[in-house]
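Before any comments, here is the structure.
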Amino acid sequence: EGFDEGVQQAARQGFSETSNLSVTDQGITLEVKEIIADPAQVIVALMIKQSDDKPLLPTYPSATNAESNAVELLDAKGAVISDEWGTTFEDNAGFIRFILGKKGQEPLPKTLSIHFDEIGDRKGNWKLQVPITMAKTTAATTVLPVNQTQVTKHGLKMTLHQIVNTPTATRIELETQWTEASKKQLEQEAKKLTGKTTNPDYAPFLPYQQYKLGYYYEGADGSKGKEWLIERSHAIDRYGHFRWIMDDDPL
Numbered sequence: 025e026g027f028d029e030g031v032q033q034a035a036r037q038g039f040s041e042t043s044n045l046s047v048t049d050q051g052i053t054l055e056v057k058e059i060i061a062d063p064a065q066v067i068v069a070l071m072i073k074q075s076d077d078k079p080l081l082p083t084y085p086s087a088t089n090a091e092s093n094a095v096e097l098l099d100a101k102g103a104v105i106s107d108e109w110g111t112t113f114e115d116n117a118g119f120i121r122f123i124l125g126k127k128g129q130e131p132l133p134k135t136l137s138i139h140f141d142e143i144g145d146r147k148g149n150w151k152l153q154v155p156i157t158m159a160k161t162t163a164a165t166t167v168l169p170v171n172q173t174q175v176t177k178h179g180l181k182m183t184l185h186q187i188v189n190t191p192t193a194t195r196i197e198l199e200t201q202w203t204e205a206s207k208k209q210l211e212q213e214a215k216k217l218t219g220k221t222t223n224p225d226y227a228p229f230l231p232y233q234q235y236k237l238g239y240y241y242e243g244a245d246g247s248k249g250k251e252w253l254i255e256r257s258h259a260i261d262r263y264g265h266f267r268w269i270m271d272d273d274p275l
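Numbers given in our numbering equal positions in the sequence shown, counted from 1, plus 24.
Here's what the structure looks like:
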């Protein structure tokens, strides 16, 4: 409970894997309770408790914030795929989330590596290597290739590459870049900013990057869903060429 509907739905449908791997040091146990992993994201449920089985509160939320603590996704060869993770907390459970595919094609993770040097106000050594199984969720994932491009009236070329449905999310994958004609106009705007920004090196690129994307889903009956702003993007260059992904609850 407390997590987004897509993850809860995937758990109800049997796509979660129980781990129950744990390590204890300094009277504190770090336990990985459950993992849901599909091609869009990896979500890990943690429990941190003291030797008397009581949850470590109120310092528990700080357990994953220490700079020395590391959580990584590894591929089949042990190379790090991602060490960029976020946390949320609900009651006495902690959740770690990795977003996959932010930069395009990448190998699927095989291992979750956890190494904590500090939990709350205690220093110690908590290490876990947790296998990640994605065969079931990968088999349940469908990809709808679209590969259609439109150009806005402002000269922004938008290409919808594909829509991916995984057990936890529906993902939109887009790419945007300016037409050559629009780049020439933006170049003139950039010249006007020379010496007028706090970071002079950024001035030549500012006009190219100042845009956001919004979208909504439309039902077969023409009904319009909620409008969203796409939040995550990866810069392909500094001239407004971006790759975008957005995950919603499964359609």
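Glycine residues also receive a C-beta, built at the ideal position from the N, C-alpha and C atoms. Bear in mind the structure is a predicted one, so any value in this text is a computation, not a measurement.
Exercise. So is E142 buried or exposed if we call it buried at 16+ other beta carbons inside 10 Å?
Worked result: It counts as buried.
Exercise. DSSP on S206, reduced to helix/strand/coil?
Worked result: In the three-state reduction of the DSSP assignment, S206 falls in the helix class.
Exercise. Alpha carbon to alpha carbon, what distance is there between S247 and Y239?
Worked result: Rounded to whole angstroms, Y239 to S247 spans 14 Å at the Cα level.
Exercise. If we count the other Cβ atoms within 10 Å of its Cβ and call it buried at 16 or more, is L132 buried or exposed?
Worked result: Label assigned to L132: buried.
Exercise. Nearest to H265 by alpha carbon, out of G243, S46, E251 and Y235?
Worked result: By alpha-carbon distance to H265, the top candidate from G243, S46, E251 and Y235 is Y235.
Exercise. Can you tell me the Cα-Cα spacing of H185 and S75, whole angstroms?
Worked result: Each residue's Cα considered, the two are about 51 Å apart.
Exercise. DSSP state of R262, grouped into three classes?
Worked result: Looking at R262 - three-state DSSP - the assignment turns out to be coil, as it is neither helix nor strand.
Problem set entry | Whole alpha helix (DSSP H) elements within the segment 142-214, 4-residue minimum | With a minimum length of 4 residues, the continuous alpha helix (DSSP H) runs that stay inside the segment 142-214 are 159-163.
Problem set entry | Pair within 8 Å by beta-carbon distance, D267 and E213 | Residue 267 is actually Arg in this sequence, not Asp. Remark: C-beta atoms of R267 and E213 do not approach each other more closely than 8 Å.
Exercise. Does the segment 89-108 come close enough to the segment 116-128 to have 3 or more Cβ pairs within less than 8 Å?
Worked result: Enough Cβ pairs lie closer than 8 Å, so yes.
For this session: Compute the Euclidean distance between the alpha carbons of Y241 and G249, then round it to the nearest angstrom.
Result: Each residue's Cα considered, the two are about 5 Å apart.
Exercise. Just the Cα atoms here: how many angstroms apart are D99 and T173?
Worked result: Rounded to the nearest angstrom, the gap between the Cα atoms of D99 and T173 is 33 Å.
Problem set entry | Simplified DSSP assignment, three categories, for Q37 | Three-state result, Q37: coil.
Exercise. At which residues does the beta strand (DSSP E) containing L230 begin and terminate?
Worked result: Here L230 belongs to no beta strand (DSSP E); instead the alpha helix (DSSP H) covers L230 to Q233.
Problem set entry | Assigned secondary structure, Q129 (DSSP; H/G/I helix, E/B strand, else coil) | Secondary structure of Q129 (DSSP, three-state): coil.
Exercise. Could you give the distance in angstroms between the alpha-carbon of H178 and the alpha-carbon of Q233?
Worked result: Those two C-alpha atoms are separated by around 13 Å.
For this session: Measure the alpha-carbon distance for R195 versus Q50 and round it to whole angstroms.
Result: Taking the Cα positions, R195 is about 42 Å away from Q50.
For this session: State buried or exposed for P161, treating a residue as buried only when at least 16 other CB atoms are found within 10 Å of its CB.
Result: Checking the sequence shown, residue 161 turns out to be Thr, not Pro. Buried is the call here.
Problem set entry | G128 versus W150 - alpha carbon distance | Distance from the CA of G128 to the CA of W150, rounded to the nearest whole angstrom, comes to 32 Å.
Exercise. Roughly how many angstroms separate the alpha carbons of V95 and V175, rounded to a whole number?
Worked result: Approximately 41 Å, taken between the alpha carbons.
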